[in-house]
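For the sequence shown, this note's numbering begins at 33 and goes up steadily by one.
C-beta: ideal position from N, C-alpha, C; glycine also.
Given the structure is predicted, the values throughout are model-derived calculations rather than measurements.
To start, the structure itself, in structure tokens.
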Amino acid sequence: MLGLKDILIARQNTGNLLRNTPLQHSFLLSERVGSDVWLKLENLQRTGAFKVRGAINKIASLSVEQRARGVVAPSSGNFALGVAYAARALGGVPVNLFMPVNTPASKVDKLAEFGSKIFLVGEQYDDADDASMEFQREHDLTYTDSFDDPLIIAGQGTVGLEIMEELPDAEALLVPIGGGGLIAGVSVAAKAVNPSIKIIGVQVEASPSAYLSLKEGRCYERYEHDPTICEGLAGGFGIVPFRIAKDLIDEVVLVNEEETREAIFALLEAEHLVVEGSGAVGVAALLFDKVNLKGRKVVAVISGGNIDVDLLFEIVGEHLQREER
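Next comes the structure, spelled out in structure tokens:
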């Protein structure tokens, strides 16, 4: 269904439109958790998250006629940013974006700068997805799924390719899971280079769709989630990622909201990195012993950094008050 060749083609398609993001060693986190911890910094990617990789690969594959008509995409925020950036970089493709009403203002404000049409619909990602598909049918546009598309997954797989090229002796990867596009692509790339590498997905307790899908052997494509600061991981697990990744993922672990907040602060304090909740879950899994990786060389994928400023201030304030600084 998807192989290393597809990911190599995706890298050619994305070309100089993306950054080869840093793979940074964390001495402080390594000391704290007892593993050799490396961080793949997709929070430093263009638009502040990994999702632009798949968006560029998808839009680059469209015909001239499809580009002229435009695209429609559902998103919790980061994929919308990726699509908007890709559409502009590839020649001004018209973009219509559907997002939940609770999408962080920081992401909506960034999108306004690209000139995209923005529709805020419903409380959940699935509500925005339903509205986007109806809009696509009415206007004959190209529907661009944020994770349930092999072209999107191949683009996200370039993250894994970069990790394995720079750190071929990595023993385990900690990858956030929402819809599953990132972990599916990363798993294909990493296992193609090193079949023995351990792929561990990390999901938030408020929306354990991938955890349940892989545990029960059936895909939860829709999932009505609880409130979470990891809005990028909320909702269902894609059927295409499920089919690709079910035999490649070694384990899925869950972290809660407080553990994620602790990880956000730890990354800010120890590494001076601004990371959103969805991007911090891998580090949360390490900090709270959700994985048994002592003494192993581990890469945590920091998938994005588009955190709402008010939330970041709230988390920092909690720690300052607790520690009476």
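Rounded to whole angstroms, what's the CA-CA distance from residue 87 to residue 103? Just pull it up for me.
Within the sequence shown, residue 87 is the residue found at index 55, counting from 1. Within the sequence shown, residue 103 is the residue found at index 71, counting from 1. Answer to the nearest angstrom: the Cα atoms are 11 Å apart.
So if DSSP puts residue 175 in a beta bridge, which residue, or which two residues, is it bridged to?
Residue numbering aside, residue 175 sits at position 143 when the sequence shown is read from its first letter. Bridge partners of residue 175: 104.
When the distance is taken between beta carbons, is residue 157 closer than 7 Å to residue 168?
On the sequence shown, residue 168 is found 136 positions in, with the first residue counted as 1. On the sequence shown, residue 157 is found 125 positions in, with the first residue counted as 1. The answer is no: Cβ separation not under 7 Å.
Would you give the residue range spanned by the beta strand (DSSP E) that residue 304 belongs to?
For the purposes of this step, residue 304 is taken as residue 272 along the sequence shown, with counting starting at 1. From DSSP, residue 304 is part of no beta strand (DSSP E); its letter is neither H nor E.
Cβ of residue 159 versus every heavy atom of the ligand SAM: is any distance shorter than 6 Å?
Absence of the ligand SAM from the depicted structure is noted, as is the absence of any ligand whatsoever, leaving it without description.
Is residue 208 helix, strand or coil by DSSP?
Taking the sequence shown and counting its residues from 1, the one referred to as residue 208 is at position 176. Reduced to three states, the DSSP call for residue 208 is strand.
Rounding to the nearest angstrom, what Cα-Cα distance links residue 106 and residue 346 in this structure?
The sequence position of residue 106 within the sequence shown is 74, counting from 1. The sequence position of residue 346 within the sequence shown is 314, counting from 1. Taking the straight line from one Cα to the other gives about 28 Å.
According to DSSP, is residue 130 helix, strand or coil?
Within the sequence shown, the letter at position 98 stands for residue 130. DSSP places residue 130 in strand when its eight states are reduced to three.
Closest to residue 351 by CA distance: which of 198, 149, 305, 300 is it?
Counting from one through the sequence shown, the residue named residue 351 turns up at place 319. Per the Cα distances, 300.
Residue 160: which of 178, 173, 283 sits nearest, CA to CA?
What you label residue 160 is simply residue 128 of the sequence shown in a count that begins at 1. Closest option to residue 160, Cα to Cα, is 178.
May I ask which residues mark the beginning and end of the beta strand (DSSP E) holding residue 74?
As a working note, residue 74 is residue 42 in the sequence shown. First-last for residue 74: undefined, no H or E at that position.
Residue 67 and residue 328: beta carbons closer than 7 Å?
In the sequence shown, counting from the first residue as 1, residue 67 sits at position 35. In the sequence shown, counting from the first residue as 1, residue 328 sits at position 296. The answer is yes: Cβ separation under 7 Å.
Between the C-alpha atoms of residue 312 and residue 142, what's the straight-line distance to the nearest angstrom?
Along the sequence shown, one-based indexing puts residue 312 at 280. Along the sequence shown, one-based indexing puts residue 142 at 110. If I take the Cα positions, the gap works out to 21 Å.
Does any residue of chain C bring its CB to less than 7 Å from the CB of residue 335?
Absent here is chain C; the protein component of the structure consists of one chain.
Pick helix, strand or coil for residue 311, following the three-state DSSP scheme.
Stepping through the sequence shown from its first residue, residue 311 is reached at position 279. Residue 311: helix per DSSP, three-state reduction.
What is the DSSP secondary structure of residue 332, reduced to helix, strand or coil?
Reading the sequence shown from its first residue, position 300 is the one you call residue 332. Residue 332: strand per DSSP, three-state reduction.
Could you tell me the alpha carbon to alpha carbon distance between residue 35 and residue 182, rounded to whole angstroms?
Locating residue 35 in the sequence shown gives position 3, counting from the first residue. Locating residue 182 in the sequence shown gives position 150, counting from the first residue. The alpha-carbon atoms of residue 35 and residue 182 are separated by roughly 10 Å.
Excluding five sequence neighbours on each side, which residues of the same chain lie with their C-beta closer than 7 Å to the C-beta of residue 189?
The residue you call residue 189 lines up with position 157 of the sequence shown. Excluding residues within five positions, the ones whose Cβ falls inside 7 Å are 39, 42, 217, 218, 220, 221.
Please report the straight-line C-alpha distance between residue 260 and residue 242, rounded to a whole angstrom.
Position 228 of the sequence shown, counted from the start, is the residue given in the question as residue 260. Position 210 of the sequence shown, counted from the start, is the residue given in the question as residue 242. Between residue 260 and residue 242, the C-alpha separation is close to 16 Å.
To test your reading of the DSSP string, which unbroken beta strand (DSSP E) runs of 3 or more residues are found completely within the region 245 to 302?
Correct list: 283 to 287.
Can you tell me whether residue 235 is helix, strand or coil according to DSSP?
Taking the first residue of the sequence shown as position 1, residue 235 is located at position 203. Of the three classes helix, strand and coil, the one that applies to residue 235 here is strand, per DSSP.
Which value, in whole angstroms, describes the spacing of the CA atoms of residue 56 and residue 294?
What you label residue 56 is simply residue 24 of the sequence shown in a count that begins at 1. What you label residue 294 is simply residue 262 of the sequence shown in a count that begins at 1. Cα to Cα, residue 56 sits roughly 20 Å from residue 294.
I'd like to check one pair, residue 270 with residue 211: are the Cβ atoms closer than 7 Å?
Sequence index remark: in the sequence shown, residue 211 carries index 179 (1-based). Sequence index remark: in the sequence shown, residue 270 carries index 238 (1-based). Contact flag set, yes.
If you reduce the DSSP assignment to three classes, tell me which class residue 56 lands in.
Translated into the one-based positions of the sequence shown, residue 56 becomes position 24. Note: residue 56 maps to strand in three-state DSSP.
Is the separation between the beta-carbon of residue 315 and that of residue 302 shorter than 7 Å?
For the purposes of this step, residue 315 is taken as residue 283 along the sequence shown, with counting starting at 1. For the purposes of this step, residue 302 is taken as residue 270 along the sequence shown, with counting starting at 1. Contact: no.
Give me the Cβ distance between residue 266 and residue 215, rounded to the nearest whole Å; I'm assuming they're in contact under 8 Å.
For the purposes of this step, residue 266 is taken as residue 234 along the sequence shown, with counting starting at 1. For the purposes of this step, residue 215 is taken as residue 183 along the sequence shown, with counting starting at 1. Not confirmed; about 15 Å, so no contact.
Between residue 114 and residue 83, is the Cβ-Cβ spacing less than 7 Å?
As a working note, residue 114 is residue 82 in the sequence shown. As a working note, residue 83 is residue 51 in the sequence shown. Their beta carbons are under 7 Å apart, which means residue 114 touches residue 83 by this criterion.
State the CB to CB distance for the pair residue 369 and residue 149, rounded to an integer number of angstroms; the pair is presumed to be in contact (CB under 8 Å).
Any property of residue 369 remains undetermined from this structure, which presents the chain solely from 33 to 357.
What residues in its chain sit with their C-beta under 6 Å from that of residue 291, if we drop five residues either side in the sequence?
Start at 1 with the first residue of the sequence shown, and residue 291 comes out as number 259. Around residue 291: 316, 320.
By a C-beta neighbour count over all protein chains shown, 10 Å radius and 16 as the cutoff for buried, is residue 263 buried or exposed?
Locating residue 263 in the sequence shown gives position 231, where the first residue counts as 1. With 16 or more Cβ atoms within 10 Å of its Cβ, residue 263 is classed as buried.
Residue 322: which of 172, 163, 77, 65 sits nearest, CA to CA?
Locating residue 322 in the sequence shown gives position 290, where the first residue counts as 1. That would be 65, whose Cα lies nearest to the Cα of residue 322.
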